[in-house]
Each structure stands twice: as structure tokens, then as C-alpha cells.
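Notes follow the structure.
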């Protein structure tokens, strides 16, 4: 059987997963995907840290995630998602974030005019233990930042204010204009 198609998702977005065994490809929404184990993400994070140090590794993960987040929004638009209200953004988060295995995403606050978002998630892929001293979700935070920047039409930055990796009950990022995020970072304890 050369092709398998999934049923429509509950989101109503016409989610279509196509596995072409002959070509060895998996695609959805007209884009190629791969399924990778979370341990591969951990290995990449570890190798970056070993090779470049924790500060540079964090920056690489964040920037790679940011580019991926912008691509997720292009994919959502191609799939026919509307992106005009916070409800639309939650629908995208649920369909392209949660269903793709990034964790359970929840839009806490989203203001298109102020170019501001507060997004919470649980079970992010970068969380390995719950005893760290600093947030660990640099890749995922980058994805969210790139996605929000694409939605609001300008470059955004973010700060992770809660993280399951340091014992919090959820991870949460504040995303917005760079000067506002810098101000928040400077005033945090």
C-alpha cells in the first residue's frame, strides 16, 4: 500500500497526513515532516552545549526555534487557518503545536495590537528533570517567539518566566517587542 491518509482532525483544518512508503516521505499540509524521538532533541542540545558552551548553545537553540516558528505559521496559513483572533491562535497552537508533540500549549494572553503574547505549555520536549535552577526551553521558546513575530508582523523577543525544568508546574513565556522584553528581563529578580 503506497499511501495512507489520515482522517480529518477535530480542529476542522483538514489536517492531512500522507505517508508515501515508495518515496519514504511523510507530509502534512503540503510540507514534508519527519518523526524524531525527543531524545534526539536532547542529544542535539547536549552536543551544542559541549561544543560551544551553554550561552552559545542557548542562543543557537533559540534562533533555530525562531526560524521554525515562522515556518509553522506559513504552514498554518497554507493549511487554511485564520490568524485574526486569540481564538485562532489557540487553534493553531492546539493543532500544530500540541498535535505535533511539542507539549500542551495554552494561549494565556494575545494582543495583536500591542504585539504581546503570554503562552503557557506543559510537557515541553526540553524538560528532562524538574530540579534545575534556570529555564531550559530555549528551542520551544524560540518556536513560539518566531510564530508570534510572524503573526504580528515584526521581530519579537521572549523571556521564559516559568519552567517545569526548574520545578514550576508549567512553562510560560512572555513574547513581545524587543525593548519591552529587555525591560522585563532587567527588572526580574
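Numbering (the numbering used here), first residue to last: 177 to 365. Positions of the beta carbon are idealized from the N, C-alpha and C atoms, including for glycine.
Listed in chain order, the non-local C-beta contacts of residue 281 below 6 Å within the same chain comprise 269, 273, 274, 297, local neighbours out to five positions each way being set aside. The three-state secondary structure of residue 326, taken from DSSP, is helix. Around residue 278, the same chain offers 297, 300, 301, 316, 319 as residues with beta carbons nearer than 8 Å, after the five sequence neighbours per side are excluded. Secondary structure in the segment 285-363: the alpha helix (DSSP H) runs of 4 residues or longer, each lying completely within the stretch, are 314-328, 354-363 in chain order.
The three-state secondary structure of residue 224, taken from DSSP, is helix. Counting along the chain, no alpha helix (DSSP H) covers residue 209; the unbroken beta strand (DSSP E) around it starts and ends at 207-209. Taking the Cα positions, residue 242 is about 16 Å away from residue 217.
A residue is called buried once 16 or more other Cβ atoms fall within 10 Å of its Cβ, and residue 237 is buried on that count. Restricting attention to beta strand (DSSP E) runs no shorter than 3 residues, the segment 224-288 encloses them at 280-287, ordered along the chain. Excluding residues up to 5 positions away in sequence, 333 lie with their Cβ nearer than 6 Å to the Cβ of residue 354 in the same chain.
With a cutoff of 8 Å on beta-carbon distance, residue 283 and residue 266 are scored as near each other.
In the assembly as shown, residue 224 is a buried residue. Its beta-carbon has 16 or more other beta-carbons within 10 Å. Nearest Cα to residue 363 within the set 203, 347, 337: 337.
A direct Cα-to-Cα measurement between residue 260 and residue 350 gives close to 20 Å. Considering only 324, 251, 308, the residue with the shortest C-alpha distance to residue 286 is 324. With a cutoff of 8 Å on beta-carbon distance, residue 341 and residue 365 are scored as not near each other. In this structure, the beta-carbon distance from residue 204 to residue 221 does not fall below 8 Å. A distance below 7 Å between beta-carbons, with the five flanking residues on each side excluded, links residue 309 to the following residues of its chain, in chain order: 342.
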